[in-house]
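Comments concern the structure below.
Number of protein chains: 2
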Amino acid sequence: MSLVVVGSFGIDTVETPYGKVEGVVGGSAIYFSLAASLFTEVRLAGNIGADFPSEPLQTLRSRGADLNGVQTFENQPTFRWSGRYLGDMSEAETLLTELNVLLEPPRIPSAYKNSPFAFLANMCPDTQLATLKELQADMVFADTMNLWIETALPDLRKVLQQVDGLILNETEARALTGEDLLLKAGSALLQMGPKIIVIKKGEHGAILFADGMEFHVPAYPTRLVVDPTGAGDSFAGGFLGSLAKAGKVSPPSLRLAMAMGTVAASCTVEHFSTAGLEAATIEELDGRFLGLREFVDFGTHE
Amino acid sequence: MSLVVVGSFGIDTVETPYGKVEGVVGGSAIYFSLAASLFTEVRLAGNIGADFPSEPLQTLRSRGADLNGVQTFENQPTFRWSGRYLGDMSEAETLLTELNVLLEPPRIPSAYKNSPFAFLANMCPDTQLATLKELQADMVFADTMNLWIETALPDLRKVLQQVDGLILNETEARALTGEDLLLKAGSALLQMGPKIIVIKKGEHGAILFADGMEFHVPAYPTRLVVDPTGAGDSFAGGFLGSLAKAGKVSPPSLRLAMAMGTVAASCTVEHFSTAGLEAATIEELDGRFLGLREFVDFGTHE
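These protein sequence lines map, in sequence, to chains S and Z.
Once you know that position 142 of the first sequence is 142 in our numbering, the rest is easy, because the numbers rise by one and skip nothing.
Once you know that position 165 of the second sequence is 467 in our numbering, the rest is easy, because the numbers rise by one and skip nothing.
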């Protein structure tokens, strides 16, 4: 089933202990789509400037993605982000943010309305609310960030009342609920509206909370962590792509989706920018899925 | 099969966001043994003063433990530790340490020599080396702490050359190897001597590294975390108790042991001091094992 994503397209400069790359492709919608398009038809919406490189869009087209919602602004530059990761790379230090074309609202083609699955990547809750009015998806997931928890909580609460699922990281989950223990934070988030909560824990994996179900998946055991940028959006893309491919939300499809989000994120972190995801194939993800299952399988006991 | 543990018996004062307890039972050997004795015959060695309470020793006797190696010093007080946990309780702030009877070497009864499994809890590497000479176990695991990594590294390296397994936390693993990424730290530790490495990650679970095998288990999903004191030693007790009960070290017995260590630790953190472990039964642990398996099981996919 088709999957709409509304989010950012960016040009990043990133420094990690493994090196520095300047002016590379980034943005939540790009990472999300490159992962999700390995599973299902992705329909993208968001704004770019004329300076946005064509390669990732070509890759997405070759994977069957619909780019009619990608709006090019000829006279404004693409969103830019610059950040640095130190030590264990668990958190990025943002050095620069230039919103540029992100100041214009995204445009949702009317043909996207019949998509059953949708993802609202991290953006201003006000824009998420406006976008929700444009969509008729049965299953909408959203992301958010600490900035909105601190500055736009009333609107964010309205978003939570209207979406089916929320994917956020552990810092955001703690900030939004005031609970230190992630298991308590997950339960508290379920009370705020969404029926499905996924808390991402970076190198420690992710936990899913749904009615009567909790499920934990560790990060894929890769030894090559070069650049964590986009890992969370790649997780969301693998997760929702897998769910849209399954075509239904059930305990088995949710468990599979958590695993597929995890292996998609592992492809991202092994390279700078989107190189890992652009090179990835569904066979590669399936192979990593087997490795991940082996990593957690209790096995049969004697 | 029987399992020797050499470690500390303590009297603790602990403060957490849930309250404060003074003069309660603690110490690595006590937590370890209360967990391990649910699985197998435990033989304890270590020093206590006349002020050490008799209740936990009675519980251990009722579970078939051998206390002949517990040496009472009539004129010296038991080891004392006082600490405080704040916020998410991921780390204790030590307020006071009085070694007292721990300044005397532990005495290992000669009858303990035929035990096939042994655990050297956290203590000075010099004492661990002396203890290793007294044991003839086929399978010896050790613990350590940052203090010894900083002040007694040459002796600690000798210990690592002589033991079969090492159980340590993530901070210690990073300090001992200089690797930020735990997967790399695990591989580096395997190069230092032990054939089996377990890195404990607190609320994020634990990872096992062995020849050709890596296995991850998350923390048991309890919502009741009152006092983390002794969680790591309870994990080690459940882990080695389960392994000694299996009587052999194999991929299935190691996976089961990781799960049993995890559920034993969950009983500890739900109460102050040793109350959770003293009340625990093997049926309780088996029930939690099923819950933990459900928490990570990828299930069958449609």
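Where a beta carbon is used, it is the ideal one built from N, C-alpha and C, also for glycine.
Interface partners of residue i on chain S, CB under 9 Å
i, result
"H573 of chain Z", "In chain order: nothing, as chain S lies at least about 16 Å away."
"K503 of chain Z", "H204"
"R557 of chain Z", "D297, F298, G299 and H301"
Under 7 Å from the C-beta of residue i: neighbouring residues of chain Z
i, result
"E172 of chain S", "Within 7 Å Cβ-Cβ: nothing; E172 of chain S doesn't reach chain Z, min ~15 Å."
Strand pairing of residue i, partner residues [DSSP]
i, result
"L340 of chain Z", "In the DSSP output, where bridge partners are listed per residue, L340 of chain Z has none listed."
"R84 of chain S", "S:E15 and S:E93"
"A331 of chain Z", "According to DSSP, which records beta bridges pairwise, A331 of chain Z is partnered with nothing at all."
"L3 of chain S", "S:V42 and S:F117"
"H216 of chain S", "S:I207"
"E98 of chain S", "S:R80"
"K200 of chain S", "S:N169 and S:A206"
"G10 of chain S", "S:G26 and S:F79"
"K322 of chain Z", "Z:E317"
Assigned exposure category for residue i - 16 Cβ within 10 Å defines buried
i, result
"K502 of chain Z", "buried"
"V43 of chain S", "Just to set this straight, residue 43 of chain S is Arg in the shown sequence, not Val. Answer is buried; the Cβ neighbour count reaches 16."
"K133 of chain S", "exposed"
"T453 of chain Z", "exposed"
"P456 of chain Z", "exposed"
"N402 of chain Z", "buried"
"D286 of chain S", "exposed"
"D314 of chain Z", "buried"
"E604 of chain Z", "Low confidence applies to E604 of chain Z: its pLDDT is 40, below 50, so where it sits in the model is not reliable enough to give any reading."
"L208 of chain S", "buried"
"R525 of chain Z", "exposed"
"T262 of chain S", "buried"
"S555 of chain Z", "buried"
"S115 of chain S", "buried"
"L377 of chain Z", "The question names Leu, but residue 377 of chain Z in the sequence shown is Asn. So N377 of chain Z counts as exposed."
"E596 of chain Z", "exposed"
"T303 of chain S", "The structure shown has nothing for residue 303 of chain S, since chain S only spans 1 to 302."
"G247 of chain S", "exposed"
"R459 of chain Z", "exposed"
"T399 of chain Z", "exposed"
Chain-ordered neighbours of residue i on chain S, where CB pairs are closer than 7 Å
i, result
"L485 of chain Z", "P221 and R223"
Partner residues on chain Z for residue i, Cβ-Cβ distance less than 9 Å
i, result
"V296 of chain S", "F517, H518, V519, P520, V598, D599 and F600"
Option nearest residue i by Cα separation, candidates the options
i, options, result
"D440 of chain Z", "Z:L340, Z:S392, Z:Y414 and Z:L594", "Z:Y414"
"A257 of chain S", "Z:D599, Z:L545 and Z:E393", "Z:D599"
"Q360 of chain Z", "Z:G385, Z:S384 and Z:I332", "Z:I332"
"E585 of chain Z", "Z:E596, Z:T576, Z:M562 and Z:S575", "Z:M562"
"Q128 of chain S", "S:M145, S:A175 and S:S115", "S:M145"
"K486 of chain Z", "S:S253, S:V217, S:V225 and S:R157", "S:V225"
"V5 of chain S", "S:G276, S:L67, S:L189 and S:W148", "S:L67"
"D51 of chain S", "S:L34, S:G23, S:G69 and S:S33", "S:G23"
"R80 of chain S", "S:S90, S:K195, S:T94 and S:G238", "S:T94"
"T576 of chain Z", "Z:P554, Z:A533 and Z:R557", "Z:A533"
"S54 of chain S", "S:V70, S:A188 and S:K158", "S:V70"
"R313 of chain S", "S:F272, S:P228, S:E278 and S:P218", "Nothing can be reported for residue 313 of chain S: it is not among the residues displayed for chain S, which extend from 1 to 302."
"R409 of chain Z", "Z:A337, Z:T399, Z:G514 and Z:L422", "Z:L422"
"M494 of chain Z", "Z:D482, Z:Q464, Z:M515 and Z:A508", "Z:Q464"
"S278 of chain S", "S:S62, S:K20, S:E15 and S:G46", "Position check: residue 278 of chain S holds Glu in this sequence, whereas Ser was assumed. Residue S:S62 is the option with its Cα nearest to E278 of chain S."
"L405 of chain Z", "Z:F537, Z:A566 and Z:G351", "Z:G351"
"E505 of chain Z", "Z:A367, Z:A567, Z:F574 and Z:F334", "Z:A567"
"L349 of chain Z", "Z:P553, Z:A546, Z:G514 and Z:M425", "This sequence places Asn at residue 349 of chain Z; Leu is not what is there. The residue with the shortest Cα to Cα distance from N349 of chain Z is Z:M425."
"W148 of chain S", "S:Q136, S:A173 and S:G165", "S:A173"
"Y387 of chain Z", "Z:L542, Z:A546, Z:F443 and Z:E317", "Z:E317"
8 Å Cβ cut-off: residues of chain S touching residue i
i, result
"F389 of chain Z", "The displayed chain sequence assigns Gly, not Phe, to residue 389 of chain Z. Chain S residues near G389 of chain Z: D180."
"A567 of chain Z", "What A567 of chain Z touches in chain S: nothing, since even the nearest Cβ is about 15 Å away."
"R595 of chain Z", "F298"
"A561 of chain Z", "F298"
Proximal residues of chain Z, C-beta to C-beta of residue i below 8 Å
i, result
"P116 of chain S", "Within chain Z, no residue comes near P116 of chain S; the closest Cβ sits about 17 Å away, beyond 8 Å."
Distance cut-off 8 Å: residue i Cβ against heavy atoms of the ligand ZN
i, result
"I313 of chain Z", "With respect to small molecules bound, the structure shown includes none, and the ligand ZN cannot be examined in it."
Extract the residue ranges of the beta strand (DSSP E) inside the stretch 140-173 of chain S, only unbroken runs of 3 or more that lie entirely within it. 165-169
Threshold first: 3 residues or longer. Then list the beta strand (DSSP E) segments lying entirely within the stretch 47-76 of chain S, N to C.
66-73
- Task: Please specify which runs of the alpha helix (DSSP H), each continuous and at least 4 residues long, are wholly inside the stretch 263-298 of chain S, giving them in chain order.
- Result: 275-279 and 282-296
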